[in-house]
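Here the protein sequences come in this chain order: A and B. When the letters of the first sequence are read in order and numbered with numbering that gives the first Met the number 0, they come out as residues 0 to 183. When the letters of the second sequence are read in order and numbered with numbering that gives the first Met the number 0, they come out as residues 0 to 215. Note that beta-carbon positions come from the ideal geometry of N, C-alpha and C, so glycine has one too.
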Amino acid sequence: MGSMEDWPDEELLTATPATPAAFAVFYRRHEAAVLGYFMRRSGNAEIAADLAAETFAAALLGARRYEPERGEAIAWLYGIARHRLMRSLEQGRVEDRARRKLAMPRLEIDDELVDRIERLGAEERALELLAKLPPDQAQAVRARVLDQRSYKDIAASVQTSEAVVRKRVSRGLHTLRALARSRS
Amino acid sequence: MSAFPALEEALDQAAHRHYGRKRRRLRWRLAVPALATAAVAASIALIARPEPAAPPSVKPQPAARVTVATLDRSRAYARRPDTPKYDPAHQPRVAHAALPAVAARLRQPIPYPPGMSDDFDWAAVPSDPRDMSSIGNALEMQSLIEFRAGCLWLLYWLGTTDPRERRAAASVLADVPHFPRLRVTGPRMWRRIAELAAAGDALELRAIQPGQCHGM
Numbered sequence: 000m001g002s003m004e005d006w007p008d009e010e011l012l013t014a015t016p017a018t019p020a021a022f023a024v025f026y027r028r029h030e031a032a033v034l035g036y037f038m039r040r041s042g043n044a045e046i047a048a049d050l051a052a053e054t055f056a057a058a059l060l061g062a063r064r065y066e067p068e069r070g071e072a073i074a075w076l077y078g079i080a081r082h083r084l085m086r087s088l089e090q091g092r093v094e095d096r097a098r099r100k101l102a103m104p105r106l107e108i109d110d111e112l113v114d115r116i117e118r119l120g121a122e123e124r125a126l127e128l129l130a131k132l133p134p135d136q137a138q139a140v141r142a143r144v145l146d147q148r149s150y151k152d153i154a155a156s157v158q159t160s161e162a163v164v165r166k167r168v169s170r171g172l173h174t175l176r177a178l179a180r181s182r183s
Numbered sequence: 000m001s002a003f004p005a006l007e008e009a010l011d012q013a014a015h016r017h018y019g020r021k022r023r024r025l026r027w028r029l030a031v032p033a034l035a036t037a038a039v040a041a042s043i044a045l046i047a048r049p050e051p052a053a054p055p056s057v058k059p060q061p062a063a064r065v066t067v068a069t070l071d072r073s074r075a076y077a078r079r080p081d082t083p084k085y086d087p088a089h090q091p092r093v094a095h096a097a098l099p100a101v102a103a104r105l106r107q108p109i110p111y112p113p114g115m116s117d118d119f120d121w122a123a124v125p126s127d128p129r130d131m132s133s134i135g136n137a138l139e140m141q142s143l144i145e146f147r148a149g150c151l152w153l154l155y156w157l158g159t160t161d162p163r164e165r166r167a168a169a170s171v172l173a174d175v176p177h178f179p180r181l182r183v184t185g186p187r188m189w190r191r192i193a194e195l196a197a198a199g200d201a202l203e204l205r206a207i208q209p210g211q212c213h214g215m
């Protein structure tokens with residue numbers, strides 16, 4: 000069967016009622032993306048943490064009813080996340096119904112966790128903007144700026160010259176700046 | 000290691016409670032006669048032992064007791080000056096290979112319960128600074144070390160019923176919110192823990208026991 004870390008999301012969710020530890024693997028895999036998602040949309044790390052906690056609590060409760068035939072687990076999770084976000088916007092507060100049902104304790108959020116969540120939000124924003132670039136520019140910017148690879152290394156892996164890679168990075172960053180300015 | 004380990008721990012415990020309880024209920028339906036006996040036995044056990052059993056990670060040491068020197072160390076540590084303001088962009092990084100030695104230096108002035116120590120594996124921390132679960136600066140390390148020391152004192156308090164030891168542990172727990180990093184990062188929770196320890200409220204302490212303290 001292999002390590003749980005190698006199981007696909009769908010298997011982790013369907014296995015959770017019989018193997019509760021599977022949910023922790025699912026959580027770790029998607030924690031950063033969910034926190035970043037909420038940080039970007041709420042602008043507040045504490046609210047993002049609250050929303051993430053409620054989302055994953057709801058996913059844990061719903062794991063028993065999850066059916067892989069109906070769709071991918073990540074789409075299902077993000078559906079829960081969007082719903083929780085909309086509810087919080089409508090009601091002006093974050094629900095805690097799922098957490099209360101699971102008797103989960105209230106969690107403390109210190110400055111360092113706030114910093115981490117804010118960084119996740121910034122990374123998610125960067126990835127959203129990158130997705131708007133042409134694929135070759137996105138690939139070049141990601142490799143150079145996020146992965147900090149050398150131009151020589153990138154050129155070798157995409158089988159082109161360093162000059163071409165430099166141009167792609169330059170154009171990509173120029174476009175990103177324009178996108179960032181237009182959004183703000 | 001996750002970015003929000005407390006949430007991971009809380010979800011993991013919730014998963015085992017929620018789904019584990021359902022499994023035990025199924026076996027109950029299949030063993031009604033045994034349940035009657037078990038219920039009687041459980042009632043007797045509850046009456047005889049009003050407080051929950053000590054967590055398995057704590058082994059009370061009858062011969063070892065909190066010393067006056069430990070209490071003095073605790074007060075002295077709580078009176079240390081404030082640490083510099085945490086600035087993730089400009090915090091000098093501790094090399095991965097140096098983490099164990101720096102941690103040992105940071106632990107040195109901290110009070111620990113008798114027979115207990117912090118066995119966190121610093122060498123196992125991810126070395127890639129781009130990994131969200133890496134820890135690489137002394138302030139982050141000190142925050143974690145102080146938090147874990149608070150956990151050990153909480154576990155020590157919960158693991159003993161000796162009134163003198165509980166008073167001593169409560170005295171240290173009263174200092175914990177004033178530890179140099181915890182007074183900045185999270186004094187409110189530790190103040191509540193200190194209040195409950197001083198009041199002798201074991202049940203409430205177990206209920207609010209931080210997720211990060213489990214398994215220590």
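- Out of R92/A, E9/A, E10/A, the CA that lies nearest to the CA of L50/A is found in R92/A.
- Sequence-distant Cβ neighbours of T66/B in its own chain, meaning closer than 8 Å and more than five residues away, are P113.
- Residue range 96 to 100 is occupied by the alpha helix (DSSP H) that includes R99/A.
- DSSP places P4/B within a helical segment (H, G or I) once states are collapsed to three.
- One alpha carbon belongs to L172/B, the other to A48/A, and they sit about 27 Å apart.
- Setting aside the 5 residues that flank it on each side, M115/B is surrounded in the same chain by L151, Y155, each with a C-beta closer than 7 Å to its C-beta; the list follows chain order.
- Counting of Cβ neighbours within 10 angstroms places L181/B among the buried residues, the total reaching 16 or more.
- Using a Cβ distance threshold of 7 Å, I144/B and L105/B count as a contacting pair.
- Between the stretch 82 to 89 of chain A and the stretch 152 to 163 of chain A there are fewer than three C-beta pairs closer than 8 Å, too few to call the two in contact.
- When only Cα atoms are considered, I116/A and V124/B end up about 19 Å apart.
- Judged by DSSP in its simplified three-state form, D120/B adopts coil rather than helix or strand.
- Per the C-alpha coordinates, the member of P134/A, Q158/A, A162/A positioned closest to T174/A is P134/A.
- Taking 7 Å as the cut-off, the Cβ atoms of P91/B and W121/B do not count as close.
- Of the candidates L119/A, L178/A, S160/A, F22/A, the residue whose Cα lies closest to the Cα of A130/A is L178/A.
- Residues of chain B whose Cβ lies closer than 8 Å to the Cβ of Y77/A do not exist, since the nearest Cβ in that chain is about 17 Å away.
- Your pair L106/A and H17/B does not check out as a contact, with CB atoms roughly 17 Å apart and the cut at 8 Å.
- Between the alpha carbons of Q147/A and L12/A lies a gap of roughly 35 Å.
- According to the DSSP assignment, M85/A belongs to the alpha helix (DSSP H) that extends over 72 to 90.
- Contacts between E145/B and chain A, judged by CB atoms closer than 7 Å, are missing: the closest CB pair is about 11 Å apart.
- When CB distances to chain B are screened at a threshold of 8 Å, the residues of the stretch 104 to 126 of chain A falling below it are P104, L106, E107, D109, D110, E111, L112, D114, R115, I116, R118, L119, in chain order.
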